[in-house]
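Protein chains: 2
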Amino acid sequence: MWHGAASDCGLLEKAELFRGVPSGALAEIQASSFRRHLCADEALVRQGDPAETLHIVLSGRLRVTQTTPEGHQIIIRYLGPEETVGCTTLSGGAYYPGTVTAVDDGKLLGWNATAIRQVMVTYPQVAMNAVAILGTRYVEMQTRLRERATQNVERRIAHTVLRLTRQAGRRTTRGIEIAFPLSRQDLAEMAGTTLHTVSRTLSGWESRGIVDSGRRLVVVCKPDILSSIANTPS
Amino acid sequence: MWHGAASDCGLLEKAELFRGVPSGALAEIQASSFRRHLCADEALVRQGDPAETLHIVLSGRLRVTQTTPEGHQIIIRYLGPEETVGCTTLSGGAYYPGTVTAVDDGKLLGWNATAIRQVMVTYPQVAMNAVAILGTRYVEMQTRLRERATQNVERRIAHTVLRLTRQAGRRTTRGIEIAFPLSRQDLAEMAGTTLHTVSRTLSGWESRGIVDSGRRLVVVCKPDILSSIANTPS
DNA sequence: CGGCTACTTGACCAGATTCAACTCTTGTGG
DNA sequence: CCACAAGAGTTGAATCTGGTCAAGTAGCCG
């Protein structure tokens, strides 16, 4: 669907950062960009490095993580095609707050900090889009923080899985499948729990026929029941 | 210090949203604004209402909260002078994700959605500032989420208190005092715990001479020891 | 003084983490 | 092609942090 669909012109027009920008401008913007290929498990930016580039995803999927000094890791989010990587560069932060790693092989388009900031000043629509992107992510984080503070593990895992189906769900005969490799550990780092608890919870759901999961795979068979779990007060 | 210092001209020049904007532009921007007074405990915007206005704080302090359908509340942040209220309006969200209430009496300047979006398009610096503000808050939320996921209660409370001293700390003879009324419940809603646990924790610190707290009051006597608590792996 | 709100503290309990042992997949190299 | 190592997942048992319940004290305002 996404893969290979991007011809050489029109790479930018669908990107969330460049929506609504006139195509003449897009050509000029693209002229200042560079291409980047990324293999699975390769890091694009590292936590703590100076924030010097911004990328948009053309194909593939990336994972954004943060690691504490003690070595605990959490997953901030996954990014797919059309999305923006390295927002810190947009907002003028000095260092990347997290690490971005490829989950699949993928292609990206990149700009350095000064180039993209110049683009924002020249084309206000890009700046407006940037505001919208960051605003959305900010609210998303608020929601997750609230979930973490007020819900028990099962509900949080349910929410996490549902969010992922919305973001990267693929219809199959068995149900909605999360379209990239996702381990118990990954889910745990998103929901703020341990892989053991995730495993137990998925096992429970599996015995009730709500999900069908395997090695690095989750398929939601009964999304409605999962939503009701996600929304039932503990 | 802040109170009353703002004369009629130059209200905007210090606001985080309008930094670096030429003063001619500021006058024009201010012309499209309206004033608003707010009494303690009065709500400025309500969670779920259409996002129609943006404000900046001239004086006083505000609290941003989110409430779940079940009635659990969390505190997203406190806002003081120069800060921006209702960022959702900037980023084009349809509804306010949280409720903003006055902690003290205060004065604000407001714009409606179309006016402020027009300002951003006309003066790219404002849009750039908006990107910076949202970027900072986004990273802040990431940090809190990570804390919530990886640290025990005591560390989280310590971090919360330290953040508040940085944001609204006032030097006194006893130590650094948080300069607005702050109950155990408030701290609990920020650190993601219960007022009981906050109370117990503060009692413990008090007996060690680290803090000195009373009814809706927290004074940090030994900030260095508190930092070490905040940064010691559990 | 009485009523209200904020705060404190003890006892108990439970959800979730930790520890530990084991199984199932998958991929690799002899 | 099979063996085996490494990675991923499962599950039971013990433990414990922090929440819940309950009862009481202290400060504030009309």
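Heads up: the protein sequence lines correspond to chains A and B, in order. Numbering of the first sequence is given in the working numbering, commencing with residue 1109 and proceeding in unit increments. Numbering of the second sequence is given in the working numbering, commencing with residue 1109 and proceeding in unit increments. All residues carry an ideal CB built from backbone N, CA and C; glycine is no exception. Nothing here was measured: the structure is a model prediction, and the numbers come from that model.
For residue i, the first and last residue of its enclosing alpha helix (DSSP H)
i: S1311 of chain A; result: 1303-1315
i: L1134 of chain A; result: 1131-1139
i: G1283 of chain A; result: Premise fails: G1283 of chain A is in no alpha helix (DSSP H) and is neither H nor E.
i: T1273 of chain B; result: 1261-1276
i: L1334 of chain B; result: 1331-1339
i: L1295 of chain A; result: 1292-1299
Option nearest residue i by Cα separation, candidates the options
i: E1262 of chain A; options: A:T1273, A:L1295, A:I1284; result: A:L1295
i: Y1231 of chain B; options: B:K1122, B:L1272, B:V1193, B:I1137; result: B:I1137
i: T1197 of chain A; options: A:T1161, A:T1268, A:E1248, A:S1131; result: A:T1161
i: Q1155 of chain B; options: B:V1172, B:H1145, B:R1144; result: B:V1172
i: T1202 of chain A; options: A:R1144, A:I1184, A:P1158; result: According to the sequence as given, residue 1202 of chain A is Ala; it is not Thr. Answer by Cα proximity: A:P1158.
i: H1145 of chain A; options: A:L1125, A:L1216, A:V1129; result: A:L1216
i: G1214 of chain A; options: A:E1191, A:W1313, A:E1255, A:R1323; result: A:E1191
i: R1169 of chain B; options: B:S1321, B:A1151, B:Q1181, B:H1180; result: B:A1151
i: V1269 of chain A; options: A:T1280, A:A1287, A:V1234, A:T1281; result: A:A1287
i: V1208 of chain B; options: B:N1339, B:V1129, B:A1148; result: B:A1148
i: V1319 of chain A; options: A:V1153, A:Q1174, A:R1282, A:I1182; result: A:R1282
i: C1195 of chain A; options: A:L1125, A:Q1259, A:Q1226, A:S1311; result: A:L1125
i: V1211 of chain B; options: B:P1289, B:R1316, B:E1297; result: B:P1289
i: R1143 of chain B; options: B:P1130, B:V1129, B:S1167, B:S1131; result: B:S1167
i: V1227 of chain A; options: B:V1153, B:A1235, B:R1245; result: B:A1235
i: G1317 of chain B; options: B:S1342, B:R1308, B:K1330; result: B:K1330
i: Q1408 of chain A; options: B:T1244, B:T1251, B:W1313, B:I1333; result: This structure does not reach residue 1408 of chain A, given that chain A is present from 1109 up to 1342, and the question cannot be answered.
i: A1223 of chain B; options: B:T1244, B:S1131, B:G1200; result: B:G1200
i: T1244 of chain B; options: A:Y1204, A:R1308, A:E1255; result: A:Y1204
i: N1260 of chain B; options: B:L1134, B:H1180, B:N1339; result: B:N1339
i: V1328 of chain A; options: A:A1266, A:S1307, A:L1242, A:A1135; result: A:A1266
i: P1341 of chain A; options: A:L1187, A:E1255, A:W1313; result: A:E1255
i: H1163 of chain A; options: A:L1120, A:S1131, A:I1183, A:A1133; result: A:L1120
i: R1271 of chain B; options: B:L1334, B:Y1246, B:N1220, B:R1323; result: B:L1334
i: S1131 of chain A; options: A:L1310, A:Q1233, A:A1299, A:V1239; result: A:Q1233
i: R1323 of chain A; options: A:D1332, A:E1285, A:A1133; result: A:E1285
i: L1187 of chain B; options: B:D1332, B:I1241, B:G1128; result: B:I1241
i: Q1181 of chain A; options: A:S1311, A:D1332, A:A1299; result: A:A1299
i: T1176 of chain A; options: A:E1297, A:G1312, A:R1308; result: A:E1297
Where residue i falls, given that 16 or more other Cβ within 10 Å makes a residue buried
i: H1304 of chain B; result: exposed
i: S1141 of chain B; result: buried
i: L1325 of chain B; result: exposed
i: V1165 of chain A; result: buried
i: G1277 of chain B; result: buried
i: E1178 of chain B; result: exposed
i: S1336 of chain A; result: exposed
i: N1237 of chain B; result: buried
i: R1292 of chain B; result: buried
i: V1229 of chain A; result: exposed
i: R1274 of chain A; result: exposed
i: G1218 of chain B; result: buried
i: G1206 of chain B; result: buried
i: R1185 of chain B; result: buried
i: P1189 of chain A; result: buried
i: G1118 of chain B; result: exposed
i: T1258 of chain B; result: buried
i: T1301 of chain A; result: buried
i: R1279 of chain A; result: exposed
i: A1139 of chain B; result: exposed
i: S1315 of chain A; result: exposed
i: G1112 of chain B; result: Legend: pLDDT at G1112 of chain B = 39, less than 50; position of this residue unreliable, no value from coordinates given.
i: S1321 of chain A; result: buried
Terminal residues of the beta strand (DSSP E) in which residue i lies
i: S1167 of chain B; result: 1161-1167
i: Y1246 of chain B; result: Premise fails: Y1246 of chain B lies in the alpha helix (DSSP H), 1232-1258, not in any beta strand (DSSP E).
i: S1321 of chain A; result: 1319-1322
i: L1325 of chain B; result: 1325-1328
The ligand ATP heavy atom lying under 7 Å from the CB of residue i
i: R1185 of chain B; result: The ligand ATP is not among the ligands present in this structure, which contains no ligands whatsoever.
At a CB distance below 8 Å, what residues from the stretch 1178-1205 of chain B approach chain A? Give them in sequence order. E1178, H1180, I1182, I1184, C1195, T1196, L1198, S1199, G1200, G1201, P1205
Where the stretch 1252-1280 of chain A meets chain B: residues whose CB sits under 7 Å from a CB there: R1252, L1253, R1254, R1256, A1257, T1258
Note down, in chain order, all residues in the stretch 1218-1242 of chain B with a beta-carbon under 7 Å from any beta-carbon belonging to chain A. M1228, V1229, P1232, A1235, M1236, A1238, V1239, A1240, L1242
Taking beta-carbon pairs under 7 Å, can you tell me which members of the stretch 1288-1305 of chain B lie near chain A? G1300
Pick out the complete beta strand (DSSP E) segments inside the stretch 1141-1214 of chain B, 3 residues or longer, and give them in chain order. 1142-1146, 1151-1153, 1161-1167, 1170-1175, 1181-1187, 1207-1210
Contact list for the stretch 1149-1174 of chain B against chain A, Cβ threshold 8 Å: Q1174
Give me the subset of the stretch 1115-1139 of chain B whose CB atoms are less than 9 Å from a CB atom of chain A, sorted by chain position. none
Contact residues within the stretch 1302-1331 of chain A, judged by C-beta distance below 7 Å to chain B: none
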